[in-house]
Each structure stands twice: as C-alpha cells, then as structure tokens.
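Colleague: Structure below; questions to follow.
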Amino acid sequence: MSISKQDVISTYLPELPPFGIDAEAFAPSNIALCKYWGKRDVELNLPINASLSVSLGDLGSHTSISVSEKGIDQVYLNGELLQAESSFSKKVIAFLDLFRRGLDQPVIVKTNNNIPTAAGLASSASGFAALMLAINDFYRLGLTTERLSAFARMGSGSASRSVYQGFVEWHKGVREDGMDSCAERLDMSWPGFRIGLLKVATGEKKVDSRSGMQRTIESADLYQSWPQQAAKDLVTIKRAIADRDLALLGQTAEQNALSMHATMIASWPPLLYWQAESVAAMHRVWELRNAGIPVYLTMDAGPNLKLIFQQEHEQEIRDGFPELLDLDIVSPFG
Ligand code: 2P0
28 MSISKQDVIS TYLPELPPFG IDAEAFAPSN IALCKYWGKR DVELNLPINA
78 SLSVSLGDLG SHTSISVSEK GIDQVYLNGE LLQAESSFSK KVIAFLDLFR
128 RGLDQPVIVK TNNNIPTAAG LASSASGFAA LMLAINDFYR LGLTTERLSA
178 FARMGSGSAS RSVYQGFVEW HKGVREDGMD SCAERLDMSW PGFRIGLLKV
228 ATGEKKVDSR SGMQRTIESA DLYQSWPQQA AKDLVTIKRA IADRDLALLG
278 QTAEQNALSM HATMIASWPP LLYWQAESVA AMHRVWELRN AGIPVYLTMD
328 AGPNLKLIFQ QEHEQEIRDG FPELLDLDIV SPFG
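According to this note's numbering, the residues represented by the sequence shown are 28 to 361, in order.
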C-alpha cells in the first residue's frame, strides 16, 4: 500500500496553515535530456529512474493565489475563468487542498503560461512548480527548495525539476514517502547552449504521460532495459555538460529520447506519439548533421521536436528550420 499524498503533507507539515496572504510565483518549463519514464509509485509520482533536464529561463508559468471574496474557489488559465469541473481546475484545487486542509478560506488561482503556444509544450511541470512556490508564499510555509521540489513532484513528476533554473537532476530516491525523490540544481552553466522548440504538428488528442507510462510498464517487455539505459545516460550527460561536449551530450540525449520512444512503441496498444511530420523533421535534423552542423533532437510525449545546438550554429539552424521564430530559440543561461 502506498502512502497517500495527504499523509506525506501531514507528516512534514503537521500544523494547519495560517490564513493566506496574496502571493505570486514563477517557475520555468523544462526539457529533459535524460527522460523520466515510469513510476514506481503512482500516487506520489516516484520515478523508476533518475532524470536530468534543462530549464527554459523565463519561459514558464506565472501563478498567483489571492483571497477570494466570493466565497468560492476560482481558477483562471491564461486569463480565462475555468469551470469548476474542468480537469485543470480540479487538479489545481486538489493540489492546493493538500496544504489548505480544513482551512475555510476560498482562493483565486491565476496561471499564465508564456511558453510560445506554437511550441506545443506541455506546461504541467512549470504549472505545478509555480503553484507550489505560490502556495509556499501564500501560507508562509518557509519550505526549503528541496522540499518544494519533492512536494511539487506530487503534482506532476517533472514539476520537481522546474523549481530550479539551469541543468537539474531529479534523484529517484529510495524512501517510501518519497522525500528524497527531489531535484537538485547542477552547478554547471553553458552560456552558448541553445534549445530550439520545433512545432511540427498540431496533433490529435494524445495519451497523457501518466497513462502512457503505465501502459509501457505493463505491456512492453522492452521497458526492462530502460532503467539501466537511463542510469548510464545520466552519467554520460553530466560528464558531457561538465566538458561542454555538445556531440556527446546531443548523441546521448537523442539516443535516450529515442530509446524511451522505442519502449512506448513496443507497448500494447502501441503508443506512437510521432506523426508523419515528426519523422520528416527528424530526417531534416539528420541531414543537417550529415552536412556537418552539430544539431541533435529530443522528443517528449508528443509529436514535436526540441533541437539541441550551440549559439555558433544558430544561423545554420535557422536556415535549416525557417519555421523557428525568435521566441522558439531558448538560451537557458541568458
Ligand atoms: C520528462 N515526460 O522527463 C518525460 C519525458 C514526458 C516524456 O515528465 O504523471 O507530466 O505528472 O508525473 O511529469 C511528462 O510527465 O507526468 C514527462 P506525471 P509528467 O520530461
């Protein structure tokens, strides 16, 4: 039997919170270079493997929490008031309730995502991280970043990484209550490092990561090899970052992402997030690389690509992918 989220919160925050005071927070979106795929505990979002990401600077979620005078909770997303029954609103309030518990104080939660909509990036990571940071301020919890990361993880696994900027490692941890499954900022920067957000398809409704991971674990024999591969890739990627070795980083990240996708494809029913346009874009990346431009790709649970390259090749990447707008090219280190 797994421990419930509420049990974890009650253990680490035994006191009921004081009445809240208006608060706002920002958290960046992140792109994993070594992916998180598979949970050992679905209630607490405890991962089977450790992962490593890079945060996207000022692209992410701004979230505010204020006291509601209307006697009911209200959730806004990108300026629009959501129905209380909408899945986003229910997730936000359920997460807030873990901390609010019995306190009778309705709130207004407003989230604005500034990730270019064209990039088609999921925003659960930055969304839950920003919500956690705002809750910490609203109830004056005074939590350490490590704790904030562990609690944000209970909202969405990848949110554990979004409480930091830069390169971030999420330790898988071994504790049953998951409190050692939190992220850590790596003390390494890489000013010339670039991520290109390449939207290639609008996509049909996809299977969300939560159910995709479960399906893979339950039905793909190929998944057996994933934890070892991820563990090995993580070590290589850290070394590549320390050495600023783009070829080693790019190759390892690309192979890591495609290995993750291989396990998804080997699931039943098959889980193929790629569309024809995704495959065409992959070939364009490989053609550029064959022409001598160091550019690598990674992909998440969707049809779009993220390009990995360095500033010195930005022009060639723009020429090769003219659909990339200025906003789609991210400099994680300023
Ligand atoms: C990652 N993804 O490492 C991997 C790669 C998608 C593919 O983290 O169920 O939204 O909320 O813990 O965090 C997306 O999964 O899943 C994700 P939950 P989450 O970025």
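Don't be surprised by glycine CBs; every beta carbon is placed ideally from N, CA and C.
1) Return yes when the C-beta of TYR250 is under 6 Å from any heavy atom of the ligand 2P0, and no when it is not.
2) Any heavy atom of the ligand 2P0 closer than 6 Å to the CB of GLY184?
3) Taking the alpha helix (DSSP H) that GLY277 falls in, what are its first and last residues?
4) In terms of residues, what are the limits of the alpha helix (DSSP H) holding GLU173?
5) Is any non-hydrogen atom of the ligand 2P0 found closer than 6 Å to the C-beta of ASP327, if you look at the structure I gave you?
6) Find out if the Cβ-Cβ distance for the pair SER91, GLU42 is shorter than 7 Å.
7) If you follow the alpha helix (DSSP H) that GLU343 is part of, which residue opens it and which one closes it?
8) Distance check for MET309 and ARG316, CA to CA, integer angstroms please.
9) Which residue wins for smallest C-alpha separation from SER208, given the options ILE222, LYS233, ARG174?
10) Compare the C-alpha of TYR63 against each of ALA54, LEU73, SER56 and name the closest.
11) For GLU196, report the span of its beta strand (DSSP E) as first-last.
12) Return the CA-CA distance between GLY347 and LEU334, expressed in angstroms with no decimal places.
13) Ignoring anything shorter than 3 residues or poking outside the stretch 97–143, list the beta strand (DSSP E) runs there in chain order.
14) In angstroms, rounded to a whole number, what distance separates the CA positions of ASN141 and TRP295?
15) What does a CB cutoff of less than 7 Å around LEU104 pick up in its chain, not counting 5 residues either side in sequence?
16) If I follow the unbroken alpha helix (DSSP H) through ILE36, where does it start and stop?
17) Measuring alpha carbon to alpha carbon, tell me which of ALA121, TRP313, LEU40, GLY87 ends up nearest VAL102.
18) Starting from LYS66, trace the alpha helix (DSSP H) both ways and give me its first and last residue.
Modeller: With the structure as the only source:
1) By one-based count along the sequence shown, residue 250 stands at place 223. No - the ligand 2P0 has no heavy atom lying nearer than 6 Å to the Cβ of TYR250.
2) Position 157 of the sequence shown holds residue 184. Answer for GLY184: yes, Cβ within range of the ligand 2P0.
3) Residue numbering aside, residue 277 sits at position 250 when the sequence shown is read from its first letter. That run of the alpha helix (DSSP H) goes 273–292.
4) Counting from one through the sequence shown, the residue named residue 173 turns up at place 146. Segment 172–182, the alpha helix (DSSP H) holding GLU173.
5) On the sequence shown, residue 327 is found 300 positions in, with the first residue counted as 1. Under cutoff, so the answer is yes.
6) Walking along the sequence shown from the start, residue 91 turns up at place 64. Walking along the sequence shown from the start, residue 42 turns up at place 15. Cβ atoms of SER91 and GLU42: not closer than 7 Å.
7) Taking the sequence shown and counting its residues from 1, one reaches residue 343 at position 316. Per DSSP, GLU343 belongs to the alpha helix (DSSP H) from 341–347.
8) The sequence position of residue 316 within the sequence shown is 289, counting from 1. The sequence position of residue 309 within the sequence shown is 282, counting from 1. If I take the Cα positions, the gap works out to 11 Å.
9) The count along the sequence shown starts at 1 and reaches residue 208 at position 181. Checked all of ILE222, LYS233, ARG174; the closest Cα to SER208 is ARG174.
10) Here residue 63 corresponds to residue number 36 of the sequence shown, with the count starting at 1. When each option's Cα is compared against that of TYR63, the closest is LEU73.
11) Against the sequence shown, residue 196 aligns to sequence position 169. Where GLU196 is concerned, the enclosing beta strand (DSSP E) stretches over 194–197.
12) Position 320 of the sequence shown, counted from the first residue, corresponds to residue 347. Position 307 of the sequence shown, counted from the first residue, corresponds to residue 334. Cα to Cα, the separation comes out at about 12 Å.
13) 101–104, 134–140
14) Here residue 141 refers to the residue found at position 114 when the sequence shown is read from its first residue. Here residue 295 refers to the residue found at position 268 when the sequence shown is read from its first residue. Taking the straight line joining both Cα atoms gives about 35 Å.
15) Reading the sequence shown from its first residue, position 77 is the one you call residue 104. If we look at LEU104 and ignore the five residues flanking it on each side, its Cβ neighbours are PHE115, THR138.
16) Along the sequence shown, read from residue 1 onward, the residue named residue 36 stands at position 9. It spans 32–39 - the alpha helix (DSSP H) in which ILE36 sits, taken as one unbroken run.
17) Walking along the sequence shown from the start, residue 102 turns up at place 75. Of ALA121, TRP313, LEU40, GLY87, the residue nearest in Cα terms is ALA121.
18) For this step, residue 66 is matched to residue 39 along the sequence shown. Not the alpha helix (DSSP H): LYS66 falls in the beta strand (DSSP E), residues 66–68.
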